[in-house]
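Visitor: Got a structure here, written out as structure tokens. Questions coming.
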């Protein structure tokens with residue numbers, strides 16, 4: 321069993337872009353555009369997402385705390401509990417205007433989603 | 321202080337490629353070409369490195385267990401304790417021939433470097 325599935329345990333950073341993200345109902349919300357990785361621990365802190373599809377949230381990028389995403393092997397993508405109302409006031413930025421991910425920005429994002 | 325340094329706490333997966341890697345003497349060994357990230361935990365498992373510079377190890381890619389790399393803020397790069405003799409027999413692959421990172425392959429790499 322492991323020989324056919326375990327090759328999917330890891331993802332190359334080269335291939336992060338485009339990983340699909342779904343809601344609990346299985347609808348595609350969008351995709352991961354980028355990951356923000358802690359340089360020291362090597363832990364992903366944020367998935368930077370675009371929600372241009374189903375939710376029609378335009379081309380802005382939305383940093384989502386990693387712990388909010390659950391990996392679903394059956395869909396080979398992530399599931400996150402987010403709706404349009406939540407995203408309408410969520411922290412976001414244009415792709416050509418990436419903010420410094422400093423302590424203040426991290427706190428703003430985490431607080432918005434009620435994460436520690 | 322944090323305002324000038326903390327923006328460097330995270331690295332975008334888009335920008336992983338090219339992060340420098342040095343030895344303990346401060347010599348540049350090569351650079352990170354790619355990261356292999358655990359899809360579920362979001363933890364980086366391997367830095368995939370090229371050692372074409374100082375060590376002259378050609379164009380092959382070498383997966384190195386993440387825990388072997390220490391981030392050095394002064395160099396804005398990683399330090400790893402590796403020499404040419406160690407790398408000469410190390411697991412490697414051509415860029416157009418990436419192996420499945422399955423349990424067996426992971427065990428081979430970890431064992432070679434004496435990691436759990």
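Protein chains in written order, with this note's numbering: chain A, 321 to 436; chain B, 321 to 436.
Virtual Cβ for every residue (Gly too), placed ideally from N, Cα, C.
Count Cβ pairs between the segment 388 to 400 of chain B and the segment 340 to 349 of chain B that sit closer than 8 Å; are there 3 or more?
Guide: Yes, since at least three Cβ pairs between the segment 388 to 400 of chain B and the segment 340 to 349 of chain B fall closer than 8 Å, the two stretches touch.
Visitor: Just checking: is the beta-carbon of residue 356(A) within a distance shorter than 8 Å of some beta-carbon in chain B?
Guide: As a position in the first chain, residue 356(A) is number 36, starting the count at 1. At least one chain B Cβ lies under 8 Å of residue 356(A).
Visitor: On the criterion of 16 or more Cβ atoms from any shown chain inside 10 Å, does residue 416(A) qualify as buried, or is it exposed?
Guide: Here the question's residue 416(A) lines up with position 96 in the first chain. By the 16-neighbour rule on beta-carbons within 10 angstroms, residue 416(A) is exposed.
Visitor: Tell me residue 358(B)'s beta-bridge partners as DSSP assigns them.
Guide: Here residue 358(B) corresponds to residue number 38 of the second chain, with the count starting at 1. BP columns for residue 358(B) point to 330(A).
Visitor: Measuring CA to CA, which of 411(B), 362(B), 420(B), 423(B) is closest to residue 432(B)?
Guide: Your numbering for residue 432(B) matches position 112 in the second chain. It is 411(B).
Visitor: Count the C-beta pairs between the segment 368 to 384 of chain A and the segment 365 to 376 of chain B that are closer than 8 Å, then say yes if the count reaches three, no if not.
Guide: Between the segment 368 to 384 of chain A and the segment 365 to 376 of chain B, the count of C-beta pairs closer than 8 Å stays below three; the two stretches do not touch.
Visitor: Taking just the CA atoms, how far does residue 354(A) sit from residue 353(B)?
Guide: Sequence index remark: in the second chain, residue 353(B) carries index 33 (1-based). Sequence index remark: in the first chain, residue 354(A) carries index 34 (1-based). The straight-line gap from Cα to Cα measures roughly 16 Å.
Visitor: Using a C-beta to C-beta distance shorter than 9 Å, which residues of chain A count as neighbours of residue 332(B)?
Guide: As a working mapping, residue 332(B) is identified with position 12 in the second chain. Here the neighbours are 354, 355, 356, 357, 368, 418, 421.
Visitor: When the cut-off is 8 Å and only beta carbons count, does residue 329(A) lie next to chain B?
Guide: If you number the first chain from 1, residue 329(A) lands on position 9. So yes, residue 329(A) belongs to the interface.
Visitor: Pick helix, strand or coil for residue 420(B), following the three-state DSSP scheme.
Guide: Position 100 of the second chain, counting from 1, holds the residue named residue 420(B). Secondary structure of residue 420(B) (DSSP, three-state): coil.
Visitor: Kindly indicate if chain B contains any beta-carbon less than 8 Å away from that of residue 382(A).
Guide: In the first chain, the residue the question calls residue 382(A) occupies position 62. Taking Cβ atoms only, chain B never reaches closer than 8 Å to residue 382(A), which makes this a no.
Visitor: Between residue 362(B) and chain A, is any beta-carbon pair separated by less than 8 Å?
Guide: Locating residue 362(B) in the second chain gives position 42, counting from the first residue. Judged by the 8 Å Cβ criterion, residue 362(B) is in contact with chain A.
Visitor: Could you tell me whether the Cβ atoms of residue 385(A) and residue 413(A) are closer together than 8 Å?
Guide: By 1-based counting over the first chain, the position of residue 385(A) is 65. By 1-based counting over the first chain, the position of residue 413(A) is 93. No; because the gap between Cβ atoms is not below 8 Å, this pair is not in contact.
Visitor: Thinking just about the alpha-carbon of each residue, which of 361(B), 408(B), 421(B) is nearest to the one in residue 389(A)?
Guide: Position 69 of the first chain, counted from the start, is the residue given in the question as residue 389(A). Of 361(B), 408(B), 421(B), the residue nearest in Cα terms is 361(B).
Visitor: Determine the direct distance from the alpha carbon of residue 435(B) to that of residue 408(B), and round the result to whole angstroms.
Guide: Taking the first residue of the second chain as 1, we reach residue 408(B) at position 88. Taking the first residue of the second chain as 1, we reach residue 435(B) at position 115. Approximately 18 Å between the Cα atoms of the pair.
Visitor: Quick check: is the beta carbon of residue 412(B) nearer than 8 Å to any beta carbon in chain A?
Guide: Here residue 412(B) refers to the residue found at position 92 when the second chain is read from its first residue. Closer than 8 Å: no.
Visitor: Could one say the Cβ of residue 263(B) lies closer than 8 Å to chain A's Cβ atoms, at least one of them?
Guide: Not covered by the structure: residue 263(B). The range shown for chain B is 321 to 436.
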